[in-house]
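Report on the following structure.
2 protein chains.
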Amino acid sequence: MSVTQVCQQARQASSVLRELHADSKNRALLLLAEALADNGERLKSANSADLDAARSDGVSGTLIDRLTLTDKRLSSICQATRTVADLPDPVGQVVSGSVRPNGLLIERVREPLGVVAVIYEARPNVTADVAALCLKSGNAAVLRGSSIAAHTNAAIADVMTEALRQQDEVPEHAVQLVRDLSREAVVELLTADEYIDLLVPRGGQGLLAAVREHATVPVVIDGDGNCHVYVDASADLERAASIVVNAKTSRPSVCNAAETLLVHAAVAGAFLPIVLEELHKAGVELRGDERVREIWPDAEPARESDWATEYLGLVLAVRVVDSVDAALTHISRYGTRNSEAIVAQDISVARRFARAVDSGSVFVNCSTRFSDGGEFGYGLEIGISTQKLHARGPMGLEALTCVKNVAWGDGQIRL
Amino acid sequence: MSVTQVCQQARQASSVLRELHADSKNRALLLLAEALADNGERLKSANSADLDAARSDGVSGTLIDRLTLTDKRLSSICQATRTVADLPDPVGQVVSGSVRPNGLLIERVREPLGVVAVIYEARPNVTADVAALCLKSGNAAVLRGSSIAAHTNAAIADVMTEALRQQDEVPEHAVQLVRDLSREAVVELLTADEYIDLLVPRGGQGLLAAVREHATVPVVIDGDGNCHVYVDASADLERAASIVVNAKTSRPSVCNAAETLLVHAAVAGAFLPIVLEELHKAGVELRGDERVREIWPDAEPARESDWATEYLGLVLAVRVVDSVDAALTHISRYGTRNSEAIVAQDISVARRFARAVDSGSVFVNCSTRFSDGGEFGYGLEIGISTQKLHARGPMGLEALTCVKNVAWGDGQIRL
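First to last, the sequence lines map onto chains R and E. Each step along the first sequence adds one to the number in my numbering, with nothing skipped, and position 355 is 355. Take any residue in the second sequence, count from 1 to its spot, add 415: that is its number in my numbering.
Following this line, the structure appears as structure tokens:
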């Protein structure tokens, strides 16, 4: 089936989905969770086919690990779908409302976007997670996963479609997988503006370049995370060390991990030996500027390119700065506007940083690793937006809705 | 000065603007209003130069009228700027906030977008209105007006810049006009994604085509308004006639005027003779389908293209439909997702229509002409969005802001 046909079916399904009550959508979500749990062997066998192919293609161990569908992971996929059923329905929420002087009641009401497409990487849970979030928010989902997970994704999509065929409230085409894994199919999706109301690209630089070149559909970018931790002169240094180590090492491959540490000159001498020793022991390669290397000579010299690099691994760039303003200037120059943290006891400095930094999420005296839909209380997340329009930071159900203006009158005309 | 230089200056100004308190911004707005009022003769003389050129180019009477800066219009421009000073500051507003189980306080706080660019048509008030809205919301404004109003816009911008130079809170480059009126300058603006956080194109099909072809900056489209009024079988017909006539004739050249009337078959015989007679007397040219012409033979036969046309003048397409669903199908097929109205006494039909119609604004028992920032209580408007992401329908100050996530912790790390 062509991408356009998939999109047309999604558009038709969306006109039914937008009017469904939460009860109907939740029943379908629980049915999906049950079907995924019941088909564990089938899903794992499809996953084995992907793993075999990946291994024989010499794919890296990290990627193999991400791709692997274990019993535990399957169980959390099912649990996540049930979690989405438990979340409040964003559709119909009255965001604001007031009666105008002429008696018109104007309400701003949340409703589904329509058709949501997501292009994503190799993790098998994304297929189920995105399907669940779209269904709950009344949107038809068009999914395009990585070719490395082709069998797994197809099996998950098949199980979901079969489950939806067993009921008659949610249309079968509410969730569809694009089976065409060619680059042309991605371009077709990026230009299907007649059908797609939102496309979320989750992936690397290649995908983002294709989006920039081709996309005519509305897009919310799930982009890079060159995240900073700034340790102020007023910081509680023990707390600062714990936050820096957590932000760098708890899961270095994700976009909310810290990539650069900025330390105020007044505490560099006291703080750096402690934190860099701890990071070094945790296996982190350190790259510092001259002032850092005076204090910690084992650090490699940081090059200009280090400040702009999202390592996504156990490497950290470290720089000494003379003020919170110098930290802000550094972040503004090299950052990707994703997530930044400050460790400071001085309330004026902390508030200044929180206000002035031009990023989606700011963390005061806590780790950048909290930049996450689950941690924000959104249940699952559809991604982390690095743009300013529509949605910023972790995106949950609300990011899959838009707001309609509804004016209730009694014959009013405009004079 | 090149467009890029203008954008660079705007970006610098925006970093000061984003931290200003409302008091500072309001003082500057009142200063701008005063300066515009004090420079009336200078502005009108610049406007005369534009009018002379337009007349000798044979520009239409309607456009000449829009372009003309009268004393009354100048006074409303100044008043509008004062109105913006009186509006509440959207910056800093806490949209939502909660304490997570681990003790993190997560607040979602409104802040300026940064640099906002607007490309607009010939009305001289837009230069001052957009400048005021951007300044109030803490954004630097980059304005690109129509070449037909070049002298007027330049004079307004000069007066504003001179006024800003008299104070030291709001940077002089908070408001800038792009003086280069070439098509290349528009393309340069559309691709200045390094500097521009939001571009609002207000204009015709040519501009929108250029946006589709070139824009790499984030855009909110102020697009077409092929607006519908649906008169249900349950409608109060007197009320329906008043609403239809108002929606079509009170200001036919604007995007919230009605272009198609859909009437339920059960009331077509009773309603059409009354409303079409009234519209005919008001000078409206009527184009109907077969069932309309059986009742009102004077109507021209409507062609397929009529259903998709935004006349922006005294023409109305009229069609008889058999149900609210048929009306919804027609609107979904031919509409531009701007504004639609229903006239109905049956609460189920009215609620169904309000929920199912996929447009930015829906008007129940009132005129589509209320689709307007002023009528919605936003003070002025930056435009009417016809897209779903970020802002939908009339855009006021809120549409010029984005939401930042701020997490206040006490040493929390992610386990």
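Using N, Cα and C, we set each Cβ at its ideal position, and we do this for glycine too.
query: E:Q620: contacting residues in chain B (beta-carbon distance under 8 Å); result: The displayed structure is made up of protein chains R and E, and chain B is not among them.
query: Of the listed residues E:S490, E:L812 and E:V660, nearest to E:A500 (C-alpha basis); result: E:L812
query: Interface residues of chain E facing R:S60 [CB-CB closer than 7 Å]; result: Simply none; closest approach about 25 Å.
query: Spatial distance of R:Q5 from R:L400 (CA atoms); result: 22 Å
query: Contact check, R:A174 vs R:A209, beta carbons under 8 Å; result: no
query: Short CB-CB distance (under 8 Å) between R:W296 and chain E; result: no
query: Cβ distance (whole Å) where R:E259 is taken to contact R:L316 below 8 Å; result: 7 Å
query: Residue closest to E:R364, alpha-carbon to alpha-carbon, out of E:Q581, E:L592 and E:G794; result: In the structure as shown, chain E starts at 416 and stops at 830, and residue 364 of chain E therefore has no counterpart that could be examined.
query: Unbroken alpha helix (DSSP H) run spanning E:A589, endpoints; result: Looking at the DSSP string, E:A589 is not in any alpha helix (DSSP H), and its letter there is neither H nor E.
query: Interface partners of E:P633 on chain R, CB under 8 Å; result: Q387, K388 and L389
query: Proximal residues to R:Y311 (C-beta, below 7 Å), its chain only, five neighbours per side dropped; result: E259
query: Own chain partners of R:R100 with C-beta closer than 8 Å, once the 5 adjacent residues on each side are dropped; result: I106
query: Distance, R:E340 Cα to R:T368 Cα; result: 6 Å
query: Spatially closest choice to E:T664 from E:A648, E:R766, E:A723 and E:E693, by CA coordinates; result: E:E693
query: Where E:R734 falls: helix, strand or coil (DSSP); result: strand
query: Helix, strand or coil at R:T386 according to DSSP, with G and I counted as helix; result: coil
query: Three or more C-beta pairs below 8 Å linking the stretch 447 to 455 of chain E and the stretch 488 to 506 of chain E; result: yes
query: Option in R:I119, R:H390 and R:L113 with minimal Cα separation from R:G3; result: Sequence check: residue 3 of chain R is Val here, not Gly. If we check each option's Cα against that of R:V3, R:I119 comes out closest.
query: C-beta atoms of R:R183 and R:A154 nearer than 8 Å; result: no
query: Beta-carbon proximity of E:L605 to E:L592, cut-off 8 Å; result: no
query: Extent of the continuous beta strand (DSSP E) to which E:S776 belongs; result: S776 to C781
query: Opening and closing residue of the alpha helix (DSSP H) in which R:A54 lies; result: G40 to S56
query: Proximity below 8 Å, CB of E:V779 to CB of R:A407; result: yes
query: Three-state class that DSSP yields for R:I106 in the structure shown; result: strand
query: Continuous beta strand (DSSP E) assignments of at least 3 residues falling wholly in the stretch 695 to 773 of chain E; result: 700 to 703, 730 to 736 and 754 to 758
query: Span of the alpha helix (DSSP H) around R:A128; result: N125 to K136
query: Residue burial classification, E:D583 (beta-carbon count within 10 angstroms, cutoff 16); result: exposed
query: From E:L478, E:H566 and E:A683, residue whose alpha carbon lies closest to that of E:Y669; result: It should be pointed out that residue 669 of chain E corresponds to Val in this sequence rather than to Tyr. Of the listed residues, the one whose Cα sits closest to E:V669 is E:L478.
query: Chain-ordered residues of the stretch 216 to 241 of chain R with a beta carbon less than 8 Å from chain E; result: T216, P218, V220, D236 and R239
query: E:I762, buried or exposed, once every other Cβ within 10 Å from all chains shown has been counted against 16; result: exposed
query: DSSP state of E:A650 mapped onto helix, strand, coil; result: coil
query: Range of the contiguous beta strand (DSSP E) that encloses E:S513; result: V509 to V514
query: Rounded C-alpha distance that separates E:A655 from E:V733; result: 14 Å
query: E:K365, buried or exposed, once every other Cβ within 10 Å from all chains shown has been counted against 16; result: In the structure as shown, chain E begins at 416 and stops at 830. Residue 365 of chain E is therefore absent and cannot be evaluated.
query: Same chain, Cβ closer than 7 Å to E:L596, five either side skipped, listed in chain order; result: S562 and A565
query: Pair within 8 Å by beta-carbon distance, R:L17 and R:P112; result: yes
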